[in-house]
Amino acid sequence: QYGFTKGRSTTDAGARLIKHIYDAWERSQNAIGVFCDLSKAFDCVEHKTLLLKLSHYGIKNVALNLIASYLSDRVQRVCVKDIKSKGSSALMGVPQGSILGPLLFLVYINDLPHHVRGTCEIVLFADDTSLIFKTDRNKDNFDDVNRALSHVSDWFTVNNLLLNAKKTKCLEFVLPNVKKIDKNIIINGETLKIH
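Position one of the sequence shown corresponds to residue 1 (the UniProt record's numbering), numbered consecutively onward.
Structure follows, in structure tokens:
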């Protein structure tokens with residue numbers, strides 16, 4: 001995870017993506033990047049699931065109760081000049097603009113790579129999820145790619161995060177004079193063109 005982490009930046013995340021692409025080329029493979037768009041990711045965090053994940057990572061007792069209290073009974077409203085809207089209960093999401101909000105989101109999404117281990121390389125930067133698949137140039141192994149994407153999509157669904165297939169982009173990284181693969185990627189029933 002590169003987002004909201006001291007000493008890490010978008011440059012580091014980009015460098016890691018490039019490293020995975022070069023690794024594929026050195027093995028005479030193509031690399032396919034899938035750049036996932038999550039709709040309103042910070043607003044979709046389920047408090048109960050987040051608290052279970054915090055407990056899994058060792059946050060217990062008083063500390064866990066403090067975070068539970070921090071997340072519960074929150075009210076949000078819109079203020080324009082001197083006019084305030086009625087308050088609405090915030091039953092989900094992490095407080096945006098807070099110091100803890102981004103950290104809590106990182107904990108929430110941190111286990112995604114463990115659910116697709118071995119099928120692709122994942123680079124996380126805040127709510128941006130980038131997947132790099134290494135594909136054999138001589139084999140039709142897109143079933144593996146689509147199966148892995150199905151696992152990623154399922155993980156997002158189970159964790160109440162909304163993958164926006166229409167804004168998710170796919171790029172194939174090939175060396176000059178290497179034929180590009182003419183296949184499609186499917187996410188949530190949407191066919192994505194590989195650029």
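Glycine residues also receive a C-beta, built at the ideal position from the N, C-alpha and C atoms.
- Measuring C-alpha to C-alpha distances from phenylalanine 42 to each of Asp23, Lys53 and Leu161 identifies Leu161 as the nearest.
- For phenylalanine 35, the pairing in a beta bridge is given by DSSP as Ser130 and Lys169.
- Nearest to lysine 169 by C-alpha distance, out of Gly58, Ile32, Ser98 and Cys44, is Ile32.
- Inside the stretch 52-125, DSSP marks whole beta strand (DSSP E) runs of 3 or more residues at positions 74-76, 88-90 and 121-125, from first to last along the chain.
- For the pair of segments examined, the stretch 115-127 was found to touch the stretch 145-154: the number of CB pairs separated by less than 8 Å reaches three.
- Under a 10 Å Cβ-count criterion, alanine 24 is classified as buried, with 16 or more other Cβ atoms of the shown protein chains found around its own Cβ.
- Cα atoms of aspartate 182 and histidine 20: separation of roughly 22 Å, rounded to the nearest angstrom.
- Of the residues assessed, alanine 15 falls on the exposed side of the cut-off, its CB having fewer than 16 other CB atoms within 10 angstroms.
- The alpha carbon of lysine 86 has as its nearest neighbour, out of Thr135, Val75 and Ser98, the alpha carbon of Val75.
- Rounded to the nearest angstrom, the gap between the Cα atoms of phenylalanine 35 and cysteine 79 is 34 Å.
- A distance below 6 Å between beta-carbons, with the five flanking residues on each side excluded, links asparagine 184 to the following residues of its chain, in chain order: Thr191.
- For the 9 Å CB-CB criterion, glutamate 46 and asparagine 159 form a contact.
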